[in-house]
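Heads up: the structure comes next, in C-alpha cells.
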Amino acid sequence: MDKSLVKDIIIPIVSLIISIWAIIKSYITDAKANKLSEENTKLANANIELEIRNLIRETRKDLDDKLAKFLFLKEKEKKNSLTQDEKINLPICEKQLNNAKQEYLNAYEEACMKYIDGKIDKERFKKTYVIELRNIVGSVSLKKYIDSTSSPYNAIKKVYTEWNNLEENT
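Its first residue numbered 1, the sequence shown is counted upward by one per residue in full-length UniProt numbering.
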C-alpha cells in the first residue's frame, strides 16, 4: 500500500468518520441534557406551586381562626357578657385579625408575582386561583387593603385586571 494513499485518502476518511461520530454523540448528549433541564424546570415549578398552595392554606387557616375568635368576642360584646380579660383581649384580637388579613394577602401577592414572572404554569395557576382572586378583590373586609392608593398588593391587582378586563381579553 502506498504511503501517499494512506496519507491522502484513509486518514481523512477516518478523521471524517470520527468527526461525524463526535457530532452525533454531541447532539445526543445535548438532547439528553435539554430533556433533563426541562424536567428539572418542571419539578422546580411544581415545588414552587406546592409552596404557594401551602402558604395560602396556612394563611387562610390562620385568618379563619383569628376571625372566629374575633367574631365570638364581638358577639359576646353585643350581649354585654365579656369578661374583663376578654375586654382587654378584644382590641388585641382585632389587631391580630388585621395582621392575618395582611399575611393572607401577602401569600396571594407572592403567588401573583410568581405568575407574572412566569415561574409557574400560568394556565394551571389561573384555573386554580381565578375565583379566589375575584373573591379577594371583591371582599368588603379586604377592600381597604387592596384599593388604597398606597396598597402594596399591585401584583394581585395586575393579575386580577388581566383575567377580568373583558375588553383587553377579547
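Don't be surprised by glycine CBs; every beta carbon is placed ideally from N, CA and C.
Evaluate residue i with the Cβ neighbour count: other Cβ atoms within 10 Å of its Cβ, from every protein chain shown; 16 or more gives buried, anything less gives exposed.
{"i": "Ile-114", "result": "Just to set this straight, residue 114 is Lys in the shown sequence, not Ile. When all chains shown are included, Lys-114 counts as buried."}
{"i": "Lys-87", "result": "exposed"}
{"i": "Leu-73", "result": "buried"}
{"i": "Leu-133", "result": "buried"}
{"i": "Ala-31", "result": "exposed"}
{"i": "Ala-33", "result": "exposed"}
{"i": "Ile-52", "result": "buried"}
{"i": "Tyr-129", "result": "buried"}
{"i": "Ala-111", "result": "buried"}
{"i": "Tyr-160", "result": "buried"}
{"i": "Ala-107", "result": "buried"}
So for residue i, helix, strand or coil by DSSP?
{"i": "Thr-170", "result": "Confidence at Thr-170 is low in this model, with a pLDDT of 47, below 50, so the placement of that residue should be treated as unreliable; the coordinate-derived value is given next. Coil."}
{"i": "Tyr-115", "result": "helix"}
{"i": "Asn-47", "result": "helix"}
{"i": "Pro-152", "result": "coil"}
{"i": "Asp-121", "result": "coil"}
{"i": "Leu-82", "result": "coil"}
{"i": "Asn-165", "result": "coil"}
{"i": "Ser-139", "result": "coil"}
So, at 6 Å on beta carbons, what are the nonlocal neighbours of residue i in its own chain, with the 5 sequence-adjacent residues on each side left out?
{"i": "residue 184", "result": "In this structure the chain extends from 1 to 170, so residue 184 is not present and cannot be described."}
{"i": "Ile-120", "result": "Asn-45, Ile-48, Glu-49, Lys-114"}
{"i": "residue 189", "result": "Past the boundaries of the shown model lies residue 189; the chain is included only from 1 to 170, so the question cannot be answered."}
{"i": "Thr-149", "result": "none"}
For a quick check, are the C-beta atoms of residue i and residue j less than 9 Å apart?
{"i": "Glu-58", "j": "Phe-125", "result": "no"}
{"i": "Ser-151", "j": "Lys-157", "result": "yes"}
{"i": "Leu-97", "j": "Lys-127", "result": "no"}
{"i": "Tyr-104", "j": "Ile-56", "result": "yes"}
Spatial neighbours of residue i within its chain, please: C-beta separation below 7 Å, excluding the five flanking residues on both sides.
{"i": "Gly-138", "result": "none"}
{"i": "Ser-15", "result": "none"}
{"i": "Lys-76", "result": "Leu-82, Glu-86"}
{"i": "Leu-142", "result": "Lys-101, Leu-105, Ile-136"}
{"i": "Trp-21", "result": "none"}
Ignore the nearest five residues each way along the sequence and tell me which others in residue i's own chain have a CB closer than 8 Å to its CB.
{"i": "Cys-93", "result": "Lys-66, Lys-69, Phe-70, Leu-73"}
{"i": "Asn-89", "result": "Leu-73"}
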